[in-house]
Structures are given as C-alpha cells and as structure tokens.
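Each number in my numbering comes from the position in the sequence shown (counting from 1) with 8 added on.
We treat Cβ as the ideally placed atom computed from N, Cα and C, and that holds for glycine.
Model, not experiment: these values are computed from the prediction.
Here the structure is laid out as structure tokens; the discussion comes afterwards.
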Amino acid sequence: MPRITPRSPIKASNHFSRLIKSVLDKRHETASHKTYLKTMAEKDKFQEWPVKRNLQEYNDCFSIALQKLRLGRDIPDYLKRRYLRTKEPVTVLDLGGGAGYFLADLKKLFNSQQIPSKLESLSLYDNLSPESQRLIDKKHIISASEQKLTKKYDLIVDVFSAINFEFDSVKKNLILKYSYSLKKGGTLLLAGIYKSPESKNNISAHLRKQGFIAEFIDQIDNPFVNDKKTVLVITRK
Ligand SMILES: C[S@@+](CC[C@H](N)C(=O)[O-])C[C@H]1O[C@@H](n2cnc3c(N)ncnc32)[C@H](O)[C@@H]1O
Numbered sequence: 009m010p011r012i013t014p015r016s017p018i019k020a021s022n023h024f025s026r027l028i029k030s031v032l033d034k035r036h037e038t039a040s041h042k043t044y045l046k047t048m049a050e051k052d053k054f055q056e057w058p059v060k061r062n063l064q065e066y067n068d069c070f071s072i073a074l075q076k077l078r079l080g081r082d083i084p085d086y087l088k089r090r091y092l093r094t095k096e097p098v099t100v101l102d103l104g105g106g107a108g109y110f111l112a113d114l115k116k117l118f119n120s121q122q123i124p125s126k127l128e129s130l131s132l133y134d135n136l137s138p139e140s141q142r143l144i145d146k147k148h149i150i151s152a153s154e155q156k157l158t159k160k161y162d163l164i165v166d167v168f169s170a171i172n173f174e175f176d177s178v179k180k181n182l183i184l185k186y187s188y189s190l191k192k193g194g195t196l197l198l199a200g201i202y203k204s205p206e207s208k209n210n211i212s213a214h215l216r217k218q219g220f221i222a223e224f225i226d227q228i229d230n231p232f233v234n235d236k237k238t239v240l241v242i243t244r245k
C-alpha cells in the first residue's frame, strides 16, 4: 500500500514551491509566470470579479460533494463535526479570499455557536472588506506558488481562485502543496479546475498514489459549476 510521507507543512511547501519553480524553468515559463502574477495583482486592485461569494455561495459549490462523500451537510457542518471530534480550534485557509465574505460569515457563525476558529485568507492583493478585516484571523498577501505554509488546516478551500487561475503546468504541484498542509482527516475543496478528463484522472491517480482520498465530483445542477467545472475533494487519511 502506498503510504503518505509525514511532512511538516513548511517542508512540504518548500518542496513543492521548488518543484513549481523547476517546472516553470524547464518550460521556459518563469518570466511569463512572474508577469502574469503581477498583472493579476494589478487587476485585483479594481476588484473586477463577476461575483463576491459568501458562505451560502461556497456551500452551493460544495454541499452536494460533501454529502456524496458523507463528510457533512455543508461546510460548517463538516467543520463542526471535526471540532466535536478533535476539540481543537477549527482552522481554515481560503485560497483566494477576495473580499473575505465567506470567512467573515463562517467566523460569525462559529462565534455564535462558541466554536473556536482560526480563519485565514490568501490573496494577491488586500481586498478584504472592513468587516472581513475585523473578523478574519490572518491574511497572507502573496501568491500561492510562493506561500510558505507554517501550519496545517482542517479545511483549505479554493473557489475559482488561486489554483484555478494558475498556469496548467503548476496546478498539480500546487494541489499537492496544499494537500500536504491538511490535518489528518482534513479536506481540500476546489471548484473550477479547467482540465481535460485525462488530466483530471492523472491528478486524482497521483493524489491517491500519495495516500490521499481524491474525487472529482460533477455537479451539473450547481449554478456555479457546469460540466467543465467539476469540484475536486481531497481528504488526508
Ligand atoms: C475572483 S476573486 C474570488 C474571491 C472568492 N474566492 C469568491 O469566490 O468570491 C480571486 C481571488 O483569488 C486570488 N488569487 C488569484 N490568483 C492567485 C494566486 N496565484 N495566488 C494567491 N491568490 C490568488 C485573488 O487575489 C483574489 O483574492
């Protein structure tokens, strides 16, 4: 049976950041990648996104998948179940937090239920709303490929953000980088990976070989997820 190598999040993030760099180098994409991230951060300043999603809209993306995999009714239910088991503060990282509405809603909900939580947002540019600034525990303003992770999370989530917008050549290593930063039993939820069926199989087979549970789930009924945009659910055993 392939076994997952125990790695600290720092070692894992350094390892995969190095791999990403070498893939970009080999493909002569280093310079275009740098320019791309700079342009994305510049565009972010103007918040030209079609929507700013809140907790309800993140749930719309993932509830069906969470239910299918028997992980929970929705995102708060999944996290609450983990809290009741571990009794540890719930830790969440949003890969592309935008205005921060999802994390702010989650914080308000957990505060009202007296569930301790540490909620963190990653973004290329600081666009958190004033309320999100107050409620979110930590913001990381850096690209996903460069972020150095220092802790593990119960949930890492990406809704049409960091991984989705990345170069195809770095997606797999980026997914692995964050998968290794999950706590045991923690989950990475990804919406909007524009990938061919072959490369989807490739990604899930690779993750399984590394000891993760990985499922692409089609959600044709979901307003945010059409047949091209399945969600990927990765759980650390
Ligand atoms: C379109 S907004 C989406 C915000 C939120 N997820 C939502 O659905 O409302 C994209 C977010 O992803 C972040 N982002 C995009 N590419 C990124 C990257 N490579 N590294 C880190 N953050 C990134 C942007 O800075 C921004 O916060």
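According to DSSP, simplified to helix, strand and coil, what is residue i?
i, result
"T47", "helix"
"K191", "strand"
"T247", "For residue 247 there is no data in the structure shown, the boundaries of the chain being 9 and 245."
"S16", "coil"
"D82", "coil"
"S177", "helix"
"S137", "coil"
"S125", "strand"
"D235", "Any reading at D235 must be qualified, since the residue scores a pLDDT of 43, below 50, and its modelled position is unreliable; the value itself is stated next. In this structure, D235 counts as coil in the three-state DSSP scheme."
"E65", "helix"
"F54", "coil"
"A107", "coil"
"V31", "helix"
"K156", "coil"
Could you pull the DSSP bridge partners for residue i from this structure?
i, result
"D77", "Here residue 77 turns out to be Leu, not Asp, going by the sequence shown. Paired residue(s): none; L77 is not in a bridge."
"A222", "I242"
"H148", "L130"
"V167", "A199"
"Y161", "L190"
State the Cα-Cα distance for the pair residue i and residue j, rounded to the nearest angstrom.
i, j, result
"K53", "K116", "26 Å"
"A49", "D176", "19 Å"
"Y66", "A39", "33 Å"
"K19", "K160", "12 Å"
"L215", "G193", "15 Å"
"Y86", "D162", "9 Å"
"F168", "G200", "5 Å"
"Y133", "K60", "15 Å"
"F224", "P124", "31 Å"
"D33", "L197", "28 Å"
"D82", "A73", "9 Å"
"N119", "H36", "48 Å"
"Y44", "E174", "9 Å"
"I242", "L92", "21 Å"
"Q218", "K185", "12 Å"
"F220", "K245", "6 Å"
Excluding five sequence neighbours on each side, which residues of the same chain lie with their C-beta closer than 6 Å to the C-beta of residue i?
i, result
"N234", "Low local confidence applies: a pLDDT of 47 at N234 is under 50, so the model's placement there is unreliable, with the coordinate-based value given in what follows. Result list for N234: empty, nothing under 6 Å."
"A5", "Nothing can be reported for residue 5: it is not among the residues displayed for the chain, which extend from 9 to 245."
"L157", "P17, S21 and S189"
"K146", "E128"
Residues in its own chain within less than 7 Å of residue i by CB, not counting five upstream and five downstream?
i, result
"L27", "N181"
"M9", "For M9, the predicted model reports a pLDDT of 47, less than 50, meaning its position is unreliable; a value from the coordinates is still stated below. There are no such residues."
"E154", "S25"
"N135", "D52, Q55, G106 and A107"
"K76", "I225"
"I208", "Correcting the residue identity first, residue 208 is Lys in this sequence and not Ile. Only F224 meet the Cβ criterion."
"R89", "G80"
Cutting at 8 Å between CB atoms, please list the residues of its own chain near residue i, excluding the five before and the five after it.
i, result
"V178", "I28, V31, L32, H41 and S153"
"N210", "K180"
"S137", "A107, G108, Y109 and A112"
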